[in-house]
Amino acid sequence: MSEIREIRLTVNGKSYQGRCEPRKLLVDFVREDLGLTGTHIGCEHGICGACTILFNGEAARSCLMFAVQAEGAELLTVEGLAKGDEWHPLQQAFHEHHALQCGYCTPGMLIAALDFLATNPSPTEDEIREGISSVLCRCTGYVNIVKAVAAAAEVMRGAAPHPLPLPASGEREGPA
Amino acid sequence: MKPAKFEYHAPASVGEALAILERYDGEARILAGGQSLVPMMNFRLAQPRAIVDLNRIAELAFIEEEGEVVRIGSMTRQRRLEFAPQIAAKLPLLHEALRWVGHLPTRSRGTIGGSIAHADPSAEIPMVLQALEGEIVARGPQGERRIAAQDLFHAALTTSLAPLEIITEVRFPAMSPQAGHAVEEFARRKGDFAIAAVAVMLVSDGERCTKARLSTAGVGPASIRLRDAEAVLEQQGLGEAAIAEAADKAAAQVDPISDLNGSAEYRRHLTGVLTQRAILKAIAPAT
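Protein chains in written order, with this note's numbering: chain A, 1 to 176; chain B, 1001 to 1287.
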């Protein structure tokens, strides 16, 4: 017996609710129940990073969380990066530097890079490589991804912050 | 794959969590950050009847200094510890080791208590707990007790925690401001499981080494203190010959396995090399 749970949460600044079993992975809930298929699912055991989203402002693998754990949470997925027709500086930089081929890892790369740059706005190349090491790309060999993250960092340092539907307090707090 | 069915509980207090665990009598699993348990559930290697999710228990996340002890709530996220000024100031060895713990998104969720309870042989946090002679506080049906690092890690994924106990707190003695420290690790990629790692904490008084603490990850069924190497340094000081002998003792003491990442012999060799490098780094003047 495994009861159905009601889940209310905010994704990309918009309120959603859905119902699912406790065993449903957050990534499956986001894709199947909320219809937000921009977040990809690859390995399903926390290795490939394609499913990385922001959970209450911090990058997390959504295949390693249950949807029930997101009750009351604020998520940001790749769909929330652009502001209308205006791309996020990371998206713009990935486009300009040809930092994707098949695009499968890209949603995870963008979100992992977003949290990384939030805590390290002026990274060295080595730091970028370590910062995105949680996401596997099997096409480009990372060179162009590293270039894109460096270029985005420069833009993001110089410009006013790109408005993202994020929780007000991005402080690095523990539980929930 | 997808996890098998389970009953889900998200208690708001430790007392409530203990009551639920007791009710399931060993058939429930505790969910902390989920970075090890959830993959095992996705593979159905773990199929608990129930999950007791500690993520809603606010009282388990804190960093506090109490005299010469740094107390850390078991559900404190690794990523929070990474940025905590108290950790950088009082426990610089832990601060350094955290950068080797998983990857950024796993540290966002992963907790200090979860890593210790899981006791992966290649994990860095148990290694630091050993080197700094920390202890944990566990609460269970019989009340609260403390377990020292040296009595905690028995074998791979096996600790002396009882099935119905929850780690509530991790306690580290603050490091001496004069202490040198270093973590040396070899992994295929930063953030991957350590093939071999050594942590070092040294206190010296002129030529003498008054305290040497060395511990391992990845080179045996559980993190251990390299006591033979510690004794060499404390008796012979920190000269070149003593460091070389300590590295030999370290390599001799460990009990690694062979797997697809490397043979036992290779890991033993790495233990010696990393021990030597870590000692040299720990005694190098701060830059």
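Even glycine gets a Cβ: it sits at the ideal position worked out from N, Cα and C.
Distances from the alpha-carbon of L1091 (chain B) to those of B:I1243, B:P1039, B:M1201, B:A1222 put B:M1201 closest. Taking 8 Å as the cut-off, the beta carbon of L76 (chain A) is found closer than this to the beta carbon of N12 (chain A). Membership of S1108 (chain B) in the alpha helix (DSSP H) is indicated by the continuous run 1104-1109. Interface with chain B (8 Å Cβ-Cβ cutoff): E58 (chain A) is included.
In chain order, I1195, N1261 place their CB closer than 8 Å to the CB of R1188 (chain B), counting only its own chain and leaving out the 5 sequence neighbours on each side. Counting only unbroken stretches of 3 or more residues, the beta strand (DSSP E) elements lying wholly within the stretch 35-65 of chain A are 52-55, 58-61, in sequence order. In chain order, A99, M109, I132, C137 place their CB closer than 7 Å to the CB of I145 (chain A), counting only its own chain and leaving out the 5 sequence neighbours on each side. Remark: C-beta atoms of A1250 (chain B) and L1226 (chain B) approach each other more closely than 8 Å. Y1008 (chain B) sits in a strand when the DSSP states are folded into three classes. In terms of beta-carbon proximity, F116 (chain A) lines the interface with chain B, with at least one pair separated by less than 8 Å. Contact of D1053 (chain B) with chain A is assigned, a C-beta pair being separated by under 8 Å. Beta-bridge annotation (DSSP): M1201 (chain B) is paired with B:H1181, B:R1213. According to DSSP, residue pairing for C20 (chain A) in a beta bridge involves A:R5. Per the DSSP secondary-structure output, T1159 (chain B) pairs in a beta bridge with B:F1153. In the DSSP secondary-structure assignment, V1070 (chain B) is bridged to B:E1065, B:F1172. The C-alpha of A82 (chain A) lies about 48 Å from the C-alpha of E1022 (chain B). As summarised for the stretch 106-132 of chain A, the continuous alpha helix (DSSP H) elements at least 4 residues long and confined to that stretch are 106-119, 125-131, given in chain order. For the 8 Å CB-CB criterion, G1140 (chain B) and A1162 (chain B) form a contact. Of all residues in the stretch 9-27 of chain A, those with a C-beta nearer than 9 Å to a C-beta of chain B are E21, P22, R23, K24, L25, reading in chain order. The three-state reading of DSSP puts I1057 (chain B) in coil, since its state is none of H, G, I, E or B. Secondary structure note for I1125 (chain B): its alpha helix (DSSP H) is the uninterrupted segment 1124-1131.
By the C-beta density criterion, F1006 (chain B) is buried, having at least 16 other C-beta atoms within 10 angstroms. Assignment of T10 (chain A) by DSSP, reduced to helix, strand and coil, places it in the strand class. Apart from the 5 residues on each side of it in sequence, R1056 (chain B) sits with its Cβ closer than 6 Å to the Cβ of A1010, A1012 in its chain, given in chain order.
For P1085 (chain B) and S1108 (chain B), the gap between their C-alpha atoms comes out near 17 Å.
When only Cα atoms are considered, L1031 (chain B) and I1167 (chain B) end up about 12 Å apart.
Distance from the CA of G158 (chain A) to the CA of A1088 (chain B), rounded to the nearest whole angstrom, comes to 29 Å. Between the alpha carbons of V27 (chain A) and V1101 (chain B) lies a distance of about 23 Å. Taking 7 Å as the cut-off between beta carbons, the residues of the stretch 1020-1047 of chain B near chain A are G1034, Q1035, V1038, P1039, N1042, F1043, in sequence order. From the listed residues A:C139, A:T140, A:A151, the smallest Cα separation to P123 (chain A) is found for A:A151.
Using a Cβ-Cβ cut-off of 9 Å, A112 (chain A) is close to H1103, L1104, P1105 of chain B, given in chain order.
In the three-state DSSP reduction, G1206 (chain B) falls in the coil class, being neither helix nor strand.
Of B:L1037, B:A1058, B:I1257, B:C1209, the smallest CA-CA separation from I1279 (chain B) is found for B:C1209. Close CB contacts of R1267 (chain B) within its chain, under the 6 Å cut and outside five residues either way in sequence, are with A1196, V1219, P1256 (chain order).
Chain-order list of chain A residues neighbouring G1191 (chain B): E130, S133, S134, by C-beta distance under 8 Å. From the beta-carbon of S1122 (chain B), no residue of chain A is found nearer than 7 Å; the closest lies around 15 Å away.
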